[in-house]
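Numbering (the working numbering), first residue to last: 46 to 368.
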């Protein structure tokens, strides 16, 4: 059967680093308060010359170089983002043009922080369906553009960045020993919309709006929803947490990550953590974490890797793949 195997990875971060100490000068907060509640030490904030598309382009070029491919080898581009450069066209089309790609097709998916999991699952379906041989999957965000910088409960949480994977069609035997995406589990429930949302949009207010979040409510649901989709992925493949080499979670909050891993019986040394350096970069957080762990040699060929995320909507999902 056809499997979507990771061929390359890449990452891009804005030049400006904003530490918790600098956040103390913006709102009434402290390094200790932020770190104890979230695990965040710093975040990257996009400058005026840095956008979702420019960061996505950088991550894409890094992934192509890592894979030893050129843009001519790519058939499709999927970008997960909630912060597009324009209402339309899709940021993916913008990146396609920036990369000099004039063939194939490109589009965005929007599932907020779960966006990259949705994008990988979507690209995998296109590859298995024979519509593409190689897909460039990007998570890119400039969430700093959506923040209320007077709201100390939200502005300290988020950062900007982009990460990318290249998925390539490869023939597998149809077993869990195959490299590539083995299974995916996606969920959503719009009843929770008002717990995490942006209070603007083209059709409602005609403005961009700013992020609003009921933090305690999100936290209350997060661990249960995350473990639900991970168990679903394990059940679909007959695997368990003991078989897992790495958990690469959405980097929103260290306490959510630790709570989920503990509930699943996954030891801390198998969990990739970048939230301390990046903050919550929404759809970019998982590919940024993958690039960090694969780049330093932690994630190796043949490793069983679980990706998981939860985001506004609510949306949540998991992808189990063999590196």
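Virtual Cβ for every residue (Gly too), placed ideally from N, Cα, C.
Where residue i sits in the DSSP three-state scheme
{"i": "residue 172", "result": "helix"}
{"i": "residue 312", "result": "coil"}
{"i": "residue 114", "result": "coil"}
{"i": "residue 333", "result": "helix"}
{"i": "residue 72", "result": "coil"}
Residue i and residue j closer than 7 Å at C-beta
{"i": "residue 293", "j": "residue 334", "result": "yes"}
{"i": "residue 89", "j": "residue 160", "result": "no"}
{"i": "residue 21", "j": "residue 97", "result": "Because the chain spans 46 through 368 in this model, residue 21 falls outside it and cannot be assessed."}
{"i": "residue 123", "j": "residue 169", "result": "no"}
{"i": "residue 105", "j": "residue 208", "result": "no"}
{"i": "residue 215", "j": "residue 50", "result": "yes"}
{"i": "residue 191", "j": "residue 255", "result": "yes"}
{"i": "residue 362", "j": "residue 231", "result": "yes"}
{"i": "residue 282", "j": "residue 221", "result": "yes"}
{"i": "residue 73", "j": "residue 197", "result": "yes"}
{"i": "residue 128", "j": "residue 186", "result": "yes"}
{"i": "residue 223", "j": "residue 48", "result": "yes"}
Presumed contact (8 Å Cβ cut-off) between residue i and residue j, rounded CB distance
{"i": "residue 144", "j": "residue 213", "result": "The Cβ separation is near 17 Å, so there is no contact."}
{"i": "residue 328", "j": "residue 189", "result": "About 14 Å; that fails the 8 Å criterion."}
{"i": "residue 119", "j": "residue 181", "result": "5 Å"}
{"i": "residue 85", "j": "residue 324", "result": "5 Å"}
Cβ-based neighbour list, residue i, same chain, cut-off 6 Å, excluding 5 preceding and 5 following
{"i": "residue 46", "result": "217 and 219"}
{"i": "residue 271", "result": "305, 353 and 355"}
{"i": "residue 298", "result": "83"}
{"i": "residue 316", "result": "292 and 306"}
Residue i classed as buried or exposed, judged by whether at least 16 other C-beta atoms fall within 10 angstroms
{"i": "residue 261", "result": "exposed"}
{"i": "residue 81", "result": "exposed"}
{"i": "residue 194", "result": "exposed"}
{"i": "residue 148", "result": "exposed"}
{"i": "residue 53", "result": "buried"}
{"i": "residue 95", "result": "buried"}
{"i": "residue 59", "result": "buried"}
{"i": "residue 338", "result": "buried"}
{"i": "residue 79", "result": "buried"}
Own chain residues within Cβ distance below 7 Å of residue i, not counting five before or after
{"i": "residue 132", "result": "247"}
{"i": "residue 111", "result": "53, 54 and 55"}
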